[in-house]
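These notes are about the structure you will find just below.
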Amino acid sequence: MDVNKNSYTFSFAAIMVVVVAALLSIAAIALKPFQSKNVLLEKKQNILSSVGINIDREDADVQYPLYVKQELVLNANGEIVDGIAFDVDLQKELKKDKNLQLLPLFISEVDEKKQYIIPLRGKGLWGPIWGFIALEDDLNKVFGAVFDHKGETPGLGAEINRPFFEDPFAGKTIFEDGELISIKVIKGGAPKGDMHGVDGISGGTITSDGVSDMLYERLSMYLPYFSKVKSEMDNDLNISKTDTLLTLNDIIIK
Amino acid sequence: MSKNSFLSKKNKMLLSDPLDDNNPITVQVLGICSALAITVQLKPAVVMALSVLVVLSVANVVVSLMRKMIPSRIRIIVFLVVIATLVILVDQVLKAFVYDVSKELSVFVGLIITNCIICGRLEAFAMANPPGKAFLDGLGNSFGYGIILIIVAFFRELLGAGTLFGYPVLEKLGVYDLGYENNGMMILPPMALVTVGVLIWWQRARNEKLIENE
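Encoded structure:
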């Protein structure tokens with residue numbers, strides 16, 4: 003058979019494409035359940051890791067409900083709407099208009115204290131970066147943070163998922179005099195005592211800047227909810243103050 | 004083919020030649036792009052070397068089996084299809100069963116497709132040789148590629164970050180106390196080129212076969 007005939011070349015190409023397409027489709031469908039499970043478990047693992055609970059991916063299913071007590075979906079006005087926070091896909095939400103985005107929020111309890119966990123997603127150098135930042139119950143101090151990426155350069159931008167980069171976020175604050183400052187990743191290192199800055203990664207400046215932008219953009223979306231929670235907290239405080247006064251009054255009257 | 008002839012002297016050469024005399028990176032100067040990109044740390048370098056090993060050996064065998072059927076005018080396209088298919092399969096399997104490794108490699112699995120070594124071996128060897136030999140050639144060349152990758156990554160991680168496989172070697176040895184500081188240059192791509200250059204220099208100084216006549 004003449005392998006250089008046009009008809010042969012065309013049929014060879016056609017058959018090859020069909021065979022390869024079938025092969026890859028079968029592989030993709032057969033492996034999909036395993037891959038989705040990994041992604042799901044990893045998300046749970048990351049959420050827990052942002053509040054300092056480090057577990058193996060295999061244990062994530064069991065451990066997750068022990069710590070994460072509430073999953074909320076918020077709208078842009080900070081109101082709670084129907085939905086499953088865990089299934090909200092930030093990749094899709096970020097493409098929507100700001101006022102229409104759904105904002106997932108996880109509330110966990112570690113050592114009998116409440117943490118608010120905010121999922122993050124932004125742009126790195128080569129592709130998306132994402133993570134979770136956990137705030138303490140004053141909604142100001144950072145409890146912990148985790149980051150991850152799709153394809154940042156290994157050894158440089160990819161280092162954002164390492165503890166040496168993530169750990170310094172804990173203890174920083176995102177507000178200054180009631181204004182959102184967020185946390186900046188600073189090239190060349192943050193000055194000592196900077197409450198809003200952490201050290202950047204040498205050679206990973208674009209990824210580091212991506213982290214700063216992502217944090218500011220995402221945190222600013224939650225401001226309406228934050229102010230609601232804060233005013234509720236103030237109310238509670240006032241009510242408890244009034245309660246004490248009333249009890250005092252009662253005692254005096256008696 | 005008996006076992007004896009399979010590991011004949013000639014066939015052993017297929018394995019050993021690419022390690023030194025005909026190394027794909029330092030002698031043929033192929034696959035430089037990936038050698039620059041993933042040699043900041045040892046771990047991705049090792050995993051990349053293994054992935055290339057799988058892709059190159061299998062692609063060599065597949066193309067060698069089809070060598071009499073492939074129309075010569077579209078052979079390069081056929082190579083790319085074979086390589087891309089294998090790379091996607093490797094990527095999918097890694098994602099399903101060794102998720103952490105697949106994350107470690109991230110974009111670089113996809114970049115195997117662009118590795119000129121693979122296309123080069125398919126064109127130069129697999130198209131003209133039976134599957135057994137092609138398999139050995141694939142193994143040999145990926146070893147030759149992998150060993151350079153690992154050597155370069157060893158020096159870059161050690162001198163640039165002071166670690167090996169993430170373990171803080173220099174800190175444990177107390178080198179920092181003597182006033183040593185990590186060389187930040189080593190983690191930037193240009194130093195990979197310089198490191199490969201030093202390797203080529205060292206290899207040519209040592210191996211007479213590589214010294215070019217005037």
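Chains as they are written, first to last, in the working numbering: chain A, 3 to 256; chain B, 4 to 217.
Glycine included, C-beta positions come from ideal geometry on N, C-alpha and C.
Please read all numbers here as calculations on a predicted model, not as lab measurements.
Taking L92 (chain B) as the query, report the chain A residues whose CB atoms sit under 9 Å from its CB, ordered along the chain.
-> L25, L26 and A29
Residues of its chain near G141 (chain B), where Cβ-Cβ distance is below 6 Å and the 5 sequence neighbours each way are ignored = Cβ contact annotation for G141 (chain B) (same chain, cutoff 6 Å, sequence separation greater than five): L59, S60 and N63, in chain order.
Per-residue DSSP class, three states only, for P74 (chain B) = coil
For V104 (chain B), I'd like the list of residues in its chain whose CB is within less than 7 Å of its CB, leaving aside the five on either flank, ordered along the chain.
-> V50 and L97
Contact set for S206 (chain B): own chain, Cβ-Cβ below 6 Å, skip 5 residues either direction = The identity of residue 206 (chain B) in the sequence shown is Gln, whereas the question assumes Ser. Closer than 6 Å at Cβ, skipping near neighbours: T29.
Residues in the stretch 180 to 207 of chain A with C-beta within 9 Å of chain B's C-beta atoms, listed in sequence order?
-> Look at the stretch 180 to 207 of chain A: the residues with a C-beta under 9 Å from a C-beta of chain B are S204 and G205.
Which residues in the same chain as N118 (chain B) place their Cβ atom closer than 7 Å to its Cβ, once the five residues preceding and following it in sequence are excluded?
-> G34, S37 and V55
Residue range of the alpha helix (DSSP H) that includes E73 (chain A) = In the DSSP annotation of this structure, E73 (chain A) is not part of any alpha helix (DSSP H); the continuous beta strand (DSSP E) holding it starts and ends at V70 to L76.
From what residue to what residue does the alpha helix (DSSP H) around Y10 (chain A) run?
-> N8 to S52
Give a yes or no on whether the C-beta atoms belonging to K143 (chain A) and G129 (chain A) are separated by under 8 Å.
-> no
So is A78 (chain A) in contact with chain B if we call contact Cβ pairs under 8 Å?
-> no
Span separating the alpha-carbon of L213 (chain B) from that of G113 (chain B) = 33 Å
Three-way DSSP call (helix, strand, coil) for K189 (chain A) in this model = coil
Along the chain, where does the alpha helix (DSSP H) that runs through A62 (chain B) open and close?
-> L45 to L68
Based on the DSSP output, what are the partners of H151 (chain A) in its beta bridges?
-> A:I131
Straight-line Cα distance separating S67 (chain B) from M4 (chain B) | In this prediction, M4 (chain B) has a pLDDT of 45, which is less than 50 and means its spatial position is unreliable; what the coordinates show is noted afterwards. Each residue's alpha carbon lies about 16 Å from the other.
Bridge partners - D201 (chain A), DSSP secondary structure assignment = A:I188
Counting Cβ pairs, one atom from each stretch, are 3 or more of them under 8 Å apart for the stretch 74 to 86 of chain A and the stretch 226 to 236 of chain A?
-> yes
Three-state secondary structure assigned by DSSP to K116 (chain A) = Residue state, collapsed to three classes: strand.
Using the beta-carbon count (16 or more within 10 Å), is V300 (chain B) buried or exposed?
-> Look at the range of chain B in this structure, 4 to 217, and you will see that residue 300 (chain B) is not part of it.
At a Cβ cut of 7 Å, what residues of the stretch 135 to 153 of chain A count as close to chain B, listed as they run along the chain?
-> K152 and G153
Just grab the DSSP bridge partners of G124 (chain A) for me.
-> A:I131
Using a Cβ-Cβ cut-off of 7 Å (strictly less than) and excluding sequence neighbours within five positions of V57 (chain B), which residues of its own chain qualify?
-> Within the same chain, V57 (chain B) has close Cβ partners V93.
Under 8 Å by Cβ, that's how I've got A40 (chain B) and Y148 (chain B) pegged, so tell me the actual separation to the nearest angstrom.
-> No, A40 (chain B) and Y148 (chain B) are not in contact; Cβ-Cβ is about 13 Å, not under 8 Å.
Please decide whether T88 (chain B) counts as near chain A, where near means a Cβ-Cβ distance under 8 Å.
-> yes
For L45 (chain B) versus L173 (chain B), is the C-beta distance shorter than 8 Å?
-> no
Check whether the Cβ of F168 (chain B) lies closer than 8 Å to any Cβ atom in chain A.
-> no
If we cut at 8 Å on Cβ distances, does T209 (chain A) have a partner in chain B?
-> no
How would you list, in chain order, the residues of chain B whose beta-carbon sits under 9 Å from the beta-carbon of L158 (chain A)?
-> V43, I190 and L191
Have a look at B:L196, B:K136, B:N210 and B:K71 and flag the residue whose alpha-carbon is nearest the alpha-carbon of K15 (chain B).
-> B:K136
Rounded to a whole number of angstroms, what is the C-alpha to C-alpha distance between G182 (chain B) and I162 (chain A)?
-> 28 Å
Hey, is I77 (chain B)'s beta-carbon within less than 8 Å of any beta-carbon in chain A?
-> yes
Using a Cβ cut-off of 9 Å, pull out every chain B residue sitting near F14 (chain A), in sequence order please.
-> In chain order: M72, I73, P74, I77 and V81.
Following the continuous alpha helix (DSSP H) through Q206 (chain B), name the residue where it begins and the one where it ends.
-> First-last of the alpha helix (DSSP H) with Q206 (chain B): P192 to R209.
Spatial neighbours of V165 (chain B) in its chain, beta-carbon cut-off 8 Å, leaving aside the 5 residues before and after = The residue you asked about is not Val; residue 165 (chain B) is Gly in the sequence shown. Here the set comprises P171, V172, L173, E174, V178, Y179 and N185.
Closest by CA to F177 (chain A), which one among A:L42, A:G212, A:H198 and A:G206?
-> A:H198
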